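Take the position in the sequence shown, starting the count at 1, then add 25; the result is the number in the working numbering. First the structure, in the form of structure tokens, and then the observations on it.
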Amino acid sequence: MYAEEVAVMAGRIRDEDIALVRERTSIADVISEVVTLKSAGGGNLKGLCPFHDEKSPSFNVSPARNVFYCFGCGVGGDAIKFLMDAEHLGFIESVESLAARAGIQLRYVEDDRSTPRARPQQGQRQRLVAAHAAAVEFYRAQLTTAGARPAREFLARRGFDRAAAERYGCGFAPDGWDLLTRHLRQQGFSHDELVTGGLSRPARSGSLIDRFRRRLMWPIRDITGDVIGFGARKLFDDDDGPKYLNTPETPIYKKSHVLYGIDQAKREIAKQGKVVVVEGYTDVMACHLADVPTAVATCGTAFGGDHISVLRRVLFDSDERAGEIIFTFDGDAAGQKAALRAFEDDQRFVGRTFIAVSPDNMDPCDLRLAKGDLAVRDLVARREPLVDFALRHVINRFDLDTVDGRVEAMRRAAPLVAKIKDREKRPEYVRKLAGDLGMEIEPVQRAVLTAGNGQPANGRPAPTRPGPATPAVDSPRSMVEREALKLALQEPVLAGPMFDAVEAADYQHPVHAAVRVAVAEAGGAAGATGGAVWIERVRDACADLAAQALVGELAVEPLRIDGEPDPRYVSVTMARLQWSSVTGRIRDLKSKIQRVNPVSNKDEYFALFGELLSLEQHARALREQAAGGL
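See below:
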């Protein structure tokens with residue numbers, strides 16, 4: 026569908042401008058804003074796929090060719106395609122976003138693609154982001170006014186000076202029905218844009234009024250740093266609204282995906298392999314200012330599966346590098362309930378989960394006010410495994426001085442032990458649980474085994490997902506065909522003439538042959554310069570989805586050679602590819618000759634025999650050429 030959409034939409038933006046955007050865009054920079062990338066060797070990078078859950082990184086990025094491909098789910102393409110999939114943008118919006126990053130002024134054409142015209146209205150996402158950026162500046166300016174004194178006093182009471190307020194973009198929504206709305210309308214934003222973005226709402230009279238009034242404002246940014254919404258704190262007693270009011274769900278603000286502070290914390294999270302999950306905006310600010318720079322918070326919703334997916338990608342939470350996830354829920358009943366709910370999600374992390382609870386049940390912001398920055402750092406340092414906290418919480422609900430209490434506590438605690446994803450730790454927790462309950466180990470062990478009955482070793486059913494349609498790679502011939510196609514996609518300047526000289530008929534696997542045909546349809550490797558534009562041209566020329574998926578895969582799959590390929594390596598690869606094809610034709614000819622009567626069909630017999638001699642001579646030459654091996 027991507028190729029079709031490009032074909033339809035590319036006419037609105039000049040093709041040469043689209044090519045320039047691809048050329049000047051570093052795909053590694055774009056993707057690293059969402060996914061933590063590590064070296065995969067050969068100049069490639071790898072990380073956890075943002076499009077499906079996985080424990081081992083199968084998402085590969087090739088900076089040299091400006092393309093990505095996931096070997097787990099088959100998604101691949103260039104930076105434009107990544108934005109389309111990751112941020113649910115259209116083709117035009119993705120190109121415009123990347124052009125803005127690269128400082129490229131796009132040129133547009135009319136439907137007849139003949140007359141350049143002025144830049145049209147931007148895509149919806151960019152317009153909404155621009156409106157929010159303008160709103161941030163409006164609210165920040167209002168924070169210095171006389172009417173915003175309660176907001177400034179609130180920040181001061183919470184231990185935040187002017188520099189802290191500016192760092193986090195804090196502002197004030199003034200006491201007026203439509204001050205922000207009129208300001209944004211004067212800047213060219215439409216009625217529908219303000220309503221769709223959640224900045225304004227219709228009044229009973231039909232006119233627009235501001236969504237937020239008389240409140241302290243925090244801009245909420247996505248992982249790339251774009252403002253996509255606001256959090257608003259109640260300041261006045263006569264405000265009958267909730268204590269905190271957030272932007273409603275919009276095309277750019279999805280509260281189940283958003284983590285406050287992720288834009289400032291993501292680099293330290295990736296560097297330290299650790300994230301601290303707190304409960305509010307002021308807690309994030311307090312942690313960052315107390316030198317706990319990995320803190321983030323949810324925005325008006327419980328911590329859930331989508332938040333986990335975001336954090337795992339930033340943490341590089343995989344079998345190769347398990348991270349640490351530290352929750353700082355309050356010690357009250359609500360906080361304990363939230364901690365137990367977090368333990369239910371523990372299985373989705375590869376890394377270890379912990380909880381940090383202040384002895385005085387203070388949140389990080391209150392703790393910093395009462396005892397200083399060091400106390401906040403100590404709170405995180407004193408973390409305990411989340412499973413220990415969960416077990417203690419369950420056990421403490423029962424009277425362990427009675428038989429009924431001990432047995433019921435065992436029944437409730439056993440499923441928690443059975444869910445521990447590290448199987449080697451389960452026996453130790455069985456012994457610990459037995460000791461805490463004052464029971465023999467055997468009945469506790471049976472209870473845990475019963476609770477975990479039917480579960481796989483990791484404590485949770487393995488997710489099932491469809492895999493990409495890829496050809497087999499285990500046969501020697503298939504491997505040679507793949508290598509030839511990789512050379513054409515990754516090194517067309519080097520491999521072009523030799524690759525183009527070998528026809529699609531020499532490829533045995535039908536999907537490999539389809540990609541070879543697509544290379545020819547794209548103009549041949551000899552005339553290509555490589556990179557994302559060339560790869561997309563080949564992908565667009567593919568006749569089916571299987572071939573398109575294979576192009577994305579081969580574009581990032583390392584070549585089977587140590588070091589840089591040279592003309593000799595290309596020659597050897599193409600010779601081995603042809604040799605396999607020629608030897609197959611020799612076998613077919615020998616079989617056919619045996620079926621021909623040399624007396625009654627003398628002409629046919631000698632014609633076939635002559636062809637056989639020619640092919641055998643060709644095969645010997647190819648065998649000598651391929652003697653270097655792969």
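Every residue gets a Cβ at the ideal spot worked out from N, C-alpha and C, and that includes glycine. Values in this document were obtained by computation on a predicted structure and should not be read as measured data.
Beta-bridge partners of Asn271 (DSSP): Gly256. Straight-line measurement puts the Cα of Trp604 at about 12 Å from the Cα of Pro501. Scanning the segment 41 to 124 for uninterrupted beta strand (DSSP E) segments of 3 residues or longer gives 63 to 66, 69 to 72, 84 to 87, 92 to 95, listed from N- to C-terminal end.
Gln167 counts as buried, since at least 16 other C-beta atoms from the protein chains shown sit within 10 angstroms of its C-beta. The closest CA to that of Ser343, considering only Ala327, Arg366, Arg373, Ala228, is found on Arg373. A straight line joining the alpha-carbon of Met599 with that of Gly555 spans about 19 Å. In the three-state scheme derived from DSSP, where H, G and I count as helix and E and B as strand, Val321 is classed as strand.
For Trp243, the uninterrupted beta strand (DSSP E) run begins and ends at 240 to 246, by DSSP. Less than 9 Å separates the beta-carbon of Leu241 from that of Phe179. In terms of Cβ geometry, Val473 and Ala443 form a close pair [threshold 9 Å].
Listed in chain order, the non-local C-beta contacts of Asp316 below 7 Å within the same chain comprise Asp398, Arg402, local neighbours out to five positions each way being set aside.
For Pro583, same chain residues with a beta-carbon under 6 Å away, outside a window of 5 residues either side, are Gly67 in chain order.
For Ile350, the enclosing beta strand (DSSP E) begins and ends at 349 to 352.
A straight line joining the alpha-carbon of Glu508 with that of Cys324 spans about 48 Å.
One thing to note: Val220 has its Cβ no nearer than 9 Å to the Cβ of Gly254. For the segment 579 to 623, the full-length alpha helix (DSSP H) segments reaching 4 residues or more read 592 to 620 along the chain. Residue range 377 to 380 is occupied by the beta strand (DSSP E) that includes Phe379. With respect to Gly72, Val55 sits apart: the two C-beta atoms are not nearer than 9 Å.
Bounds of any beta strand (DSSP E) do not take in Gly555, whose DSSP letter is neither H nor E. When the beta-carbon positions are compared, Gly222 and Ile277 come within less than 9 Å of each other.
According to the DSSP assignment, Arg226 belongs to the beta strand (DSSP E) that extends over 225 to 227. By the Cβ rule, the segment 79 to 98 does not count as touching the segment 152 to 162, because fewer than three pairs are nearer than 8 Å. The alpha helix (DSSP H) runs lying completely inside the segment 395 to 419 and spanning 4 residues or more are 398 to 406, given in chain order. With three or more CB-CB distances shorter than 8 Å, the segment 536 to 553 counts as touching the segment 567 to 586.
For the 9 Å CB-CB criterion, Val301 and Ile333 do not form a contact. Counting only the Cα atoms, Arg187 lies some 13 Å from Leu314. The segment 304 to 314 and the segment 39 to 55 do not touch, with fewer than three beta-carbon pairs separated by less than 8 Å. Within its own chain, the residues whose Cβ lies closer than 7 Å to the Cβ of Ile234, once the five positions on either side in sequence are excluded, are Trp202, Asp203, Thr206, Ser225, Arg226, Ala228, listed in chain order.
Counted as a single uninterrupted DSSP element, the stretch harbouring Gly330 is not any beta strand (DSSP E) but the alpha helix (DSSP H) occupying residues 330 to 340. Between the C-alpha atoms of Gly115 and Ser122 there is a straight-line separation of about 11 Å.
By the C-beta density criterion, Glu516 is buried, having at least 16 other C-beta atoms within 10 angstroms. For Lys299, the enclosing beta strand (DSSP E) begins and ends at 299 to 303.
In terms of Cβ geometry, Phe368 and Phe328 do not form a close pair [threshold 9 Å]. In summary, Asp264 is exposed, with fewer than 16 beta-carbon neighbours lying within 10 Å of its beta-carbon over all protein chains present. Looking at the DSSP output, Phe631 shares a beta bridge with no other residue.
For Asp388, no beta strand (DSSP E) run applies, since DSSP gives it neither H nor E.
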